[in-house]
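Working notes for the structure below.
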Amino acid sequence: MVASLPHFGAGGNFWEYPSRSFLPTVPNRLWLIESGYVRSYIYTEEGSLIVMGIWGPGEVVGAALASIHPVYLETITPVQARSTAWVTYTNKQHLYAAYLKQAEALLVIRSQKRVELMVTKLLQWLGQRFGQSLEQGQVLELRLTHQDIAEILGVTRVTITRTFGLLEQQGFMQRLSTQRIILRESDVWHYQI
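In structure tokens:
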């Protein structure tokens, strides 16, 4: 898919991308996400997809931050982003640290032995990053498909669907009709990533 025409402003080029499209991975350019969500991923030599991070409003992502190439930047939702030059960032260590922190968190989550624990840890992590606290629990506004979650965790979509049903039965989460998820506090989440 192709982005809309850019809007030019003082802070760089402003672009709008529809859901499930790709941000260009131009060397020495980064994307400041104004609204929406992007996932960064790579492929292994065997063709397996590995999600390196989920990025939201106010965060910066781009090929310049990755040490493995090619890296792909796919919009999960409609995205508004500003294209900025790598040289304009004076605190590059902060950008690298944010990228590494996401990759580390996902590595720990994917390293859990049980799929139920992987899913609960992933939802907790996403809730902490992008959720809103309500009386009933943490509301996750980010609408990921079962396939998205399966790709993040390296399991099948069927396994995720089955696990969601199990977690709902156990009261750990509730799916709303608006495709949002309420995460309830649980003893399973006894430590933070």
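For the sequence shown, the residue numbers in UniProt numbering are 1 to 193. By construction, the Cβ of each residue, glycine as well, lies at the ideal position given by its N, Cα and C atoms.
query: Are there 16 or more other CB atoms within 10 angstroms of the CB of R114, so buried, or fewer, so exposed?
result: The C-beta of R114 has fewer than 16 other C-beta atoms within 10 Å across all chains shown, which makes the residue exposed.
- prompt: What whole-angstrom Cβ distance do E116 and L167 have, given they're in contact under 8 Å?
  reply: 7 Å
field: Collapsed DSSP secondary structure at A66 in the structure displayed
entry: coil
message: List, from N- to C-terminal side, the beta strand (DSSP E) runs of 3 residues or more that fit wholly inside the stretch 18-99.
response: Qualifying beta strand (DSSP E) stretches, in chain order: 29-35, 38-43, 49-55, 72-75 and 79-85.
query: Do the CB positions of L123 and I42 come within less than 8 Å of each other?
result: no
task: Output the distance between the C-alpha atoms of S19 and T163, rounded to the nearest integer angstrom.
output: As the crow flies, the alpha-carbon of S19 is around 26 Å from that of T163.
field: Host beta strand (DSSP E) of L176 (start-end)
entry: Run containing L176: none; DSSP gives neither H nor E here.
Assigned exposure category for R39 - 16 Cβ within 10 Å defines buried: buried
message: Tell me which residue opens and which closes the alpha helix (DSSP H) that V115 is part of.
response: V115 to F130
field: Residues near I54 in its chain [Cβ-Cβ closer than 6 Å; skip 5 each side]
entry: R39
field: Buried/exposed call for E45, threshold 16 Cβ in 10 Å
entry: Looking at its Cβ environment, which holds fewer than 16 other Cβ atoms inside 10 Å, E45 is exposed.
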